[in-house]
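Protein chains in written order, with full-length UniProt numbering: chain W, 1 to 328; chain U, 1 to 328. Everything below concerns the one structure shown next.
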DNA sequence: TTGTAAGCGTTATCAT
DNA sequence: ATGATAACGCTTACAA
């Protein structure tokens with residue numbers, strides 16, 4: 001484990017000069033620079049980053065909070081973020097909050113103890129009032145989560161529009177009885193629901209309580225939703241499912257029970273995951289352009305870290321599109 | 001940004017005592033301990049981890065190398081690893097190598113510069129001789145990659161058995177013309193191929209060059225494989241596809257071209273991903289117990305970091321199982 | 001252009 | 001049981 005001192009000794013120069021070469025400062029003569037580089041090479045020297053960070057050098061690490069990386073939406077999002085971060089020499093620390101408020105707060109220690117240069121919240125469990133105090137330790141931005149109280153940059157998709165689009169599409173297909181699935185009460189869900197309610201309201205339809213489902217996340221949850229729908233005395237004829245996974249579960253279970261999709265039950269997914277195109281019938285879904293939002297968010301974070309941008313309460317809204325397939 | 005000094009001042013004690021409380025050393029009287037804790041609480045003090053790491057305290061970070069987190073096998077694996085790591089207070093640094101030898105080597109800087117306590121290689125691009133020099137900087141272990149030269153712990157699945165199982169199953173179904181798909185020449189692929197070759201050899205069958213496909217990873221690649229098979233003058237009647245994604249692509253394209261699966265073409269997947277059960281026909285596949293291997297690997301790594309286990313050249317082999325569905 | 005030396009915030013070794 | 005104080009490896013005034 002060699003230090004700067006060893007390199008200096010070997011090169012016959014001072015530690016300061018070695019440090020200057022490492023940080024490629026100006027005012028180092030070419031020959032000394034070469035001498036230092038040779039010495040570093042020979043010893044296989046690598047600077048100790050803890051020591052560097054003590055001197056307020058950046059960690060070049062960014063924490064990304066997601067509820068669960070195994071969720072394909074998040075794995076694709078993080079993949080895009082990592083790709084972009086890497087081009088700027090940043091590493092990602094993966095934080096799965098598992099929809100746990102306390103676990104989420106724990107991760108902010110990464111900021112307060114200076115282990116990361118910033119935090120990207122691709123999912124958020126706590127209210128802004130809990131999170132705000134951490135902003136004085138470093139930049140925090142939101143990705144695809146919208147909290148109007150949060151006084152930081154929010155890169156996001158227009159979820160209201162997403163909910164509206166999907167529902168409107170079903171209305172145009174002639175459906176009047178449209179069920180709605182959501183996960184927990186995240187900003188994403190809340191806004192999508194707004195869009196859903198807006199669309200049915202425009203059509204003069206009242207929301208029906210038994211058709212509003214909560215805490216629906218997985219394929220298995222989707223299966224259960226179908227079973228519930230099947231058991232209803234007055235079942236809906238269409239479902240806005242909130243994710244392609246849930247849609248897949250509903251469709252698969254429906255087929256198993258000899259319901260025809262979309263004739264007996266039309267289903268709209270969300271995310272345009274690979275599976276949406278593979279199922280029979282293929283799923284009508286809403287594309288969120290995961291890669292774009294990942295890139296954009298990372299760009300914003302790195303600009304804030306590099307102080308070429310300020311982290312004010314602004315929304316960067318990316319487009320969204322409906323992809324019509326066979327399930328509607 | 002408060003330091004230990006501020007806490008000491010506030011509590012009217014020395015820095016040493018504060019440090020002792022932080023690290024809960026013995027020989028601190030109860031009342032002083034409380035005084036220090038109150039002071040820390042009031043100031044909202046959090047120890048600076050760079051400073052701690054300078055004193056050779058562990059980073060509590062582990063780097064996980066995967067080729068691409070968006071690959072469902074890896075996202076589930078990393079999910080399991082993160083879950084286990086979190087229970088021991090460790091964070092994961094996500095490293096996507098993107099099948100790039102140079103990029104992979106870059107990540108070892110995390111070890112040499114003491115930014116992580118260890119590295120888990122869930123994918124490996126470089127030969128062991130390139131990786132070995134880094135072992136003196138910290139523990140490196142392999143997960144689901146088998147390199148007999150690597151003198152470190154390898155937690156893995158019996159890929160030879162996996163290839164053998166899948167092929168044997170097709171043979172038992174009466175197939176004599178079995179194609180084989182693989183990704184790049186990773187140890188996983190090489191071993192699976194061994195199993196495949198062993199199975200057909202036992203049945204007295206010679207491998208056919210046109211039925212061995214390489215660099216097949218995605219759904220789209222699977223589609224292409226079907227097109228190639230279709231164009232063959234002497235096409236196989238079954239395919240060992242190497243992944244459920246590839247299998248899904250093959251099956252979907254086959255259906256589009258009015259081939260019946262499994263009658264015209266039987267397909268075996270790999271991984272037992274959710275999609276395997278949702279497709280029509282459902283995919284016969286091989287379950288790798290992703291969660292188990294994630295947990296096991298993380299346990300081993302943490303034990304090595306905690307010095308309760310030595311990192312010698314041993315294999316920890318986890319079971320694998322065939323799940324028969326409708327595609328064969 | 002190069003070197004000297006003072007910190008950065010901890011922990012650990014001595015004393016006391 | 002508690003307190004000085006010397007490291008840890010690096011960066012950066014300040015001097016030369």
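Every residue gets a Cβ at the ideal spot worked out from N, C-alpha and C, and that includes glycine.
Is the Cβ of residue i closer than 7 Å to any Cβ of chain U?
i, result
"residue 76(W)", "yes"
"residue 46(W)", "yes"
"residue 85(W)", "no"
"residue 323(W)", "no"
"residue 141(W)", "no"
"residue 37(W)", "no"
"residue 117(W)", "no"
Suppose contacts are defined by Cβ-Cβ distances below 7 Å. Is residue i in contact with residue j by that definition?
i, j, result
"residue 89(U)", "residue 61(U)", "no"
"residue 36(W)", "residue 11(W)", "yes"
"residue 301(W)", "residue 131(W)", "no"
"residue 2(W)", "residue 43(W)", "yes"
"residue 80(W)", "residue 79(U)", "no"
"residue 94(U)", "residue 92(W)", "yes"
"residue 225(U)", "residue 240(U)", "no"
"residue 314(U)", "residue 153(U)", "yes"
"residue 271(W)", "residue 73(W)", "yes"
"residue 33(U)", "residue 21(U)", "yes"
"residue 329(U)", "residue 164(U)", "Outside the modelled stretch of chain U, which goes from 1 to 328, sits residue 329(U), for which no answer is possible."
"residue 316(U)", "residue 162(U)", "no"
"residue 247(U)", "residue 269(U)", "yes"
"residue 63(W)", "residue 124(W)", "no"
"residue 326(U)", "residue 282(U)", "yes"
"residue 188(U)", "residue 296(U)", "no"
"residue 128(U)", "residue 100(U)", "no"
Of all the CB atoms in chain W, is at least one closer than 7 Å to the CB of residue i?
i, result
"residue 82(U)", "yes"
"residue 243(U)", "no"
"residue 327(U)", "no"
"residue 50(U)", "yes"
"residue 79(U)", "yes"
"residue 114(U)", "yes"
Can you tell me where the alpha helix (DSSP H) with residue i in it begins and where it stops?
i, result
"residue 229(W)", "219-231"
"residue 40(W)", "30-43"
"residue 102(U)", "101-107"
"residue 94(U)", "Run containing residue 94(U): none in the alpha helix (DSSP H); it sits in the beta strand (DSSP E), 91-96."
"residue 69(U)", "It is not in any alpha helix (DSSP H) - residue 69(U) carries neither H nor E in the DSSP assignment."
"residue 268(W)", "Not the alpha helix (DSSP H): residue 268(W) falls in the beta strand (DSSP E), residues 266-268."
"residue 191(U)", "187-202"
"residue 127(W)", "It is not in any alpha helix (DSSP H) - residue 127(W) carries neither H nor E in the DSSP assignment."
"residue 135(W)", "Element bounds for residue 135(W): n/a, residue is neither H nor E."
Restricting to Cα atoms, I'd like to know which of the options is closest to residue i.
i, options, result
"residue 245(W)", "233(W), 227(W), 216(W), 235(W)", "216(W)"
"residue 220(U)", "251(U), 190(U), 167(U), 235(U)", "251(U)"
"residue 159(W)", "16(W), 243(W), 133(W)", "243(W)"
"residue 311(W)", "95(W), 9(W), 118(W)", "118(W)"
"residue 308(W)", "299(W), 181(W), 285(W)", "299(W)"
"residue 110(W)", "17(W), 226(W), 137(W)", "137(W)"
"residue 176(U)", "326(U), 162(U), 203(U)", "203(U)"
"residue 83(W)", "233(U), 67(U), 211(U), 52(U)", "67(U)"
"residue 290(W)", "257(W), 19(W), 319(W)", "319(W)"
"residue 323(U)", "206(U), 284(U), 123(U), 306(U)", "284(U)"
"residue 39(W)", "14(W), 57(W), 52(W), 56(W)", "14(W)"
"residue 133(U)", "200(U), 4(U), 112(U), 23(U)", "112(U)"
"residue 267(W)", "292(W), 168(W), 201(W)", "168(W)"
"residue 173(U)", "180(U), 249(U), 262(U), 7(U)", "262(U)"
"residue 338(W)", "269(W), 235(W), 31(W)", "One cannot answer for residue 338(W) here, as it falls past the ends of chain W, which runs 1 to 328."
"residue 105(W)", "24(W), 227(W), 157(W), 126(W)", "126(W)"
"residue 54(W)", "56(U), 51(U), 100(U)", "51(U)"
"residue 185(W)", "178(W), 194(W), 179(W)", "194(W)"
Please find out if some non-hydrogen atom of the ligand SAH comes closer than 6 Å to the beta-carbon of residue i.
i, result
"residue 8(U)", "Inclusion of the ligand SAH in the displayed structure is not the case, the ligand content being empty and no account of it being possible."
Tell me, please, which residues DSSP counts as bridged to residue i.
i, result
"residue 321(W)", "287(W)"
"residue 178(W)", "238(W)"
"residue 213(U)", "181(U)"
"residue 141(U)", "120(U)"
"residue 315(U)", "154(U)"
Starting from residue i, trace the beta strand (DSSP E) both ways and give me its first and last residue.
i, result
"residue 238(W)", "238-240"
"residue 154(U)", "154-157"
"residue 65(U)", "61-66"
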